[in-house]
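Residue numbers (full-length UniProt numbering), protein chains in the order written: chain A, 1 to 219; chain B, 1 to 219.
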């Protein structure tokens with residue numbers, strides 16, 4: 001069992017979209033926004049937004065709405081985006097390299113400190129500032145470097161073994177791209193990237209019209 | 001504006017996790033499950049599950065729970081996973097190649113028919129059964145091949161131009177990995193992959209204990 005969250009995961013999973021919306025508003029120099037406008041922009045009901053934010057304090061005033069900069073800064077702090085994080089990537093295949101090259105993460109405070117692989121041919125390559133290193137020195141590296149997040153970009157078969165090695169070395173957060181249910185200790189945070197969920201949303205929507213025609217006929 | 005969904009997107013976004021859970025249950029030869037057990041497994045309240053599913057018909061019986069195989073098959077059909085889809089990937093960089101190599105999508109009916117790039121050095125390469133082709137022949141290719149979903153794996157700068165070319169050729173669904181808000185016609189379905197949302201969930205959870213200590217102190 002991975003670490004349990006204090007607030008419901010459903011609330012937590014809505015926060016990034018709030019943050020993205022407020023960031024956009026702030027970029028466009030909007031100073032305040034009514035709760036109905038915010039609700040429309042985010043696609044979540046006014047009362048749900050109010051309820052979600054209430055977990056973290058009092059935001060928004062009756063009859064005024066939300067102060068954009070204040071709420072943006074609050075969400076940034078709530079999401080832990082006022083800090084920086086040291087990350088490593090395990091697996092320097094296409095996916096690992098794609099993530100390593102994604103400079104946006106660096107810009108928002110996720111600093112890549114190293115990449116690990118089993119393939120000796122990759123060991124001399126550097127992606128931006130991060131070296132690709134032998135997975136055999138993972139334990140040594142983690143003993144001397146403070147790493148907050150390990151990003152798992154390896155095939156399913158090795159994922160559990162590597163996750164065990166990481167958590168044994170004290171890694172407390174794993175961002176997992178391997179399509180497998182990892183088992184991690186109770187104090188470790190595991191975030192699985194479910195790419196297929198997003199793809200299924202697309203296939204759902206490609207069929208939604210037909211689906212409701214069929215449902216209507218069956219009634 | 002991309003195409004509007006009939007059912008709330010929040011409901012739609014919960015369906016893939018229902019599906020994954022039922023698939024697992026079915027694989028483990030579980031025949032029926034109570035609504036409270038299902039609720040616990042999925043992490044969504046019993047009434048929410050009931051309400052969500054009610055959009056698509058009557059599932060589950062009072063005092064019995066859910067018939068696993070029946071619900072699994074229904075969800076498969078609802079998500080459009082009883083059909084197959086032809087896909088193309090735009091962008092044969094690391095991310096494009098990673099997605100192309102991800103055989104799991106093929107297994108569930110998403111068949112990759114081609115990959116497009118601007119780099120002539122890649123044009124002779126084949127990833128599994130799909131050729132990498134010159135982006136200049138995109139329109140010709142789409143005129144003679146029925147493609148359901150275009151997967152956008154290109155840098156932000158070119159994404160809108162390519163999206164315009166795709167929709168002009170009649171592409172009705174775009175799975176977008178570029179970190180940009182694309183504009184598409186009203187009848188096109190756009191699904192943005194927000195990798196950073198998942199990363200922000202992780203940074204949130206790394207800070208949640210400290211956050212609530214601070215909130216408690218401020219009260």
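Every residue gets a Cβ at the ideal spot worked out from N, C-alpha and C, and that includes glycine.
Closest by C-alpha distance to residue i, when choosing among the options
{"i": "residue 173 of chain B", "options": "B/154, B/20 and B/148", "result": "B/148"}
{"i": "residue 88 of chain B", "options": "B/216, B/139, B/34 and B/155", "result": "B/139"}
{"i": "residue 176 of chain A", "options": "A/192, A/45 and A/113", "result": "A/192"}
{"i": "residue 114 of chain B", "options": "B/107, B/137 and B/180", "result": "B/137"}
{"i": "residue 90 of chain A", "options": "A/60, A/50 and A/158", "result": "A/158"}
{"i": "residue 37 of chain B", "options": "B/29, B/46 and B/31", "result": "B/46"}
{"i": "residue 135 of chain B", "options": "B/150, B/117 and B/127", "result": "B/117"}
{"i": "residue 59 of chain B", "options": "B/78, B/131 and B/163", "result": "B/78"}
{"i": "residue 129 of chain B", "options": "B/31, B/112, B/211 and B/151", "result": "B/112"}
{"i": "residue 150 of chain A", "options": "A/171, A/106 and A/126", "result": "A/171"}
{"i": "residue 72 of chain B", "options": "B/98, B/64 and B/27", "result": "B/27"}
{"i": "residue 86 of chain A", "options": "A/92, A/93, A/107 and A/34", "result": "A/107"}
{"i": "residue 104 of chain B", "options": "A/97, A/199 and A/161", "result": "A/199"}
{"i": "residue 42 of chain A", "options": "A/16, A/63 and A/64", "result": "A/16"}
{"i": "residue 18 of chain B", "options": "B/9, B/6 and B/75", "result": "B/75"}
{"i": "residue 196 of chain A", "options": "B/20, B/7, B/8 and B/6", "result": "B/20"}
{"i": "residue 127 of chain B", "options": "B/22, B/143 and B/99", "result": "B/99"}
{"i": "residue 131 of chain A", "options": "A/146, A/207, A/169 and A/92", "result": "A/92"}
{"i": "residue 5 of chain B", "options": "A/219, A/201 and A/217", "result": "A/201"}
{"i": "residue 203 of chain A", "options": "B/22, B/61, B/23 and B/84", "result": "B/84"}
{"i": "residue 143 of chain B", "options": "B/97, B/133 and B/169", "result": "B/169"}
{"i": "residue 9 of chain B", "options": "A/208, A/29 and A/120", "result": "A/208"}
Partners in chain B for residue i, counting only beta-carbon separations shorter than 8 Å
{"i": "residue 51 of chain A", "result": "Within 8 Å Cβ-Cβ: nothing; residue 51 of chain A doesn't reach chain B, min ~14 Å."}
{"i": "residue 193 of chain A", "result": "195 and 198"}
{"i": "residue 19 of chain A", "result": "200"}
{"i": "residue 13 of chain A", "result": "197 and 201"}
{"i": "residue 163 of chain A", "result": "Within 8 Å Cβ-Cβ: nothing; residue 163 of chain A doesn't reach chain B, min ~15 Å."}
Identified DSSP bridge partners for residue i
{"i": "residue 114 of chain B", "result": "B/88"}
{"i": "residue 216 of chain A", "result": "Answer by DSSP bridge pairing: none, since residue 216 of chain A is not bridged."}
{"i": "residue 65 of chain A", "result": "A/61"}
{"i": "residue 133 of chain A", "result": "A/116"}
{"i": "residue 126 of chain A", "result": "A/131"}
{"i": "residue 150 of chain A", "result": "A/88 and A/174"}
{"i": "residue 191 of chain A", "result": "A/175"}
{"i": "residue 33 of chain B", "result": "B/66"}
Partner residues on chain A for residue i, Cβ-Cβ distance less than 7 Å
{"i": "residue 9 of chain B", "result": "43"}
{"i": "residue 211 of chain B", "result": "78"}
{"i": "residue 189 of chain B", "result": "202, 205 and 206"}
Chain-ordered chain A contacts of residue i [CB-CB under 9 Å]
{"i": "residue 101 of chain B", "result": "93, 94 and 95"}
{"i": "residue 16 of chain B", "result": "194, 196, 197, 198, 199, 200, 201 and 204"}
Per-residue contacts from residue i into chain D (C-beta, under 7 Å)
{"i": "residue 208 of chain A", "result": "The chain inventory of the structure shown lacks chain D, comprising the protein chains A and B."}
Cβ neighbours of residue i in the same chain (closer than 7 Å, five flanking residues each side left out)
{"i": "residue 95 of chain A", "result": "153 and 177"}
{"i": "residue 11 of chain B", "result": "52 and 55"}
{"i": "residue 3 of chain B", "result": "186, 187, 188 and 189"}
{"i": "residue 39 of chain A", "result": "45, 46 and 49"}
{"i": "residue 184 of chain B", "result": "2, 163, 167, 174 and 190"}
{"i": "residue 34 of chain A", "result": "65"}
{"i": "residue 14 of chain B", "result": "44 and 52"}
{"i": "residue 25 of chain A", "result": "33 and 68"}
{"i": "residue 7 of chain B", "result": "55"}
{"i": "residue 82 of chain A", "result": "76"}
Chain A residues whose Cβ lies nearer than 8 Å to that of residue i
{"i": "residue 104 of chain B", "result": "179 and 196"}
{"i": "residue 81 of chain B", "result": "200 and 203"}
{"i": "residue 85 of chain B", "result": "203 and 206"}
{"i": "residue 173 of chain B", "result": "202, 205 and 206"}
Close-in-space but distant-in-sequence residues of the same chain around residue i (CB under 8 Å, 5 per side omitted)
{"i": "residue 31 of chain A", "result": "67, 68 and 69"}
{"i": "residue 210 of chain A", "result": "none"}
{"i": "residue 57 of chain A", "result": "74"}
Same chain only: Cβ atoms within 6 Å of residue i, ignoring 5 sequence neighbours per side
{"i": "residue 180 of chain A", "result": "156 and 159"}
Cross-chain neighbours of residue i in chain B, by beta carbon under 7 Å
{"i": "residue 56 of chain A", "result": "215"}
{"i": "residue 64 of chain A", "result": "Result: empty, since nearest Cβ-Cβ is about 22 Å, beyond 7 Å."}
{"i": "residue 110 of chain A", "result": "199"}
heavy atom of the ligand NAP below 7 Å from residue i C-beta
{"i": "residue 161 of chain A", "result": "This structure lacks the ligand NAP; in fact it carries no ligand of any kind."}
If you measure beta-carbon to beta-carbon, which residues of the region 24-48 of chain A are closer than 8 Å to chain B? 43 and 44
Anything in the region 143-160 of chain A with a Cβ closer than 7 Å to a Cβ of chain B? List those residues in chain order, please. For the region 143-160 of chain A, the set of residues with a beta-carbon nearer than 7 Å to any beta-carbon of chain B comprises 148 and 149, in chain order.
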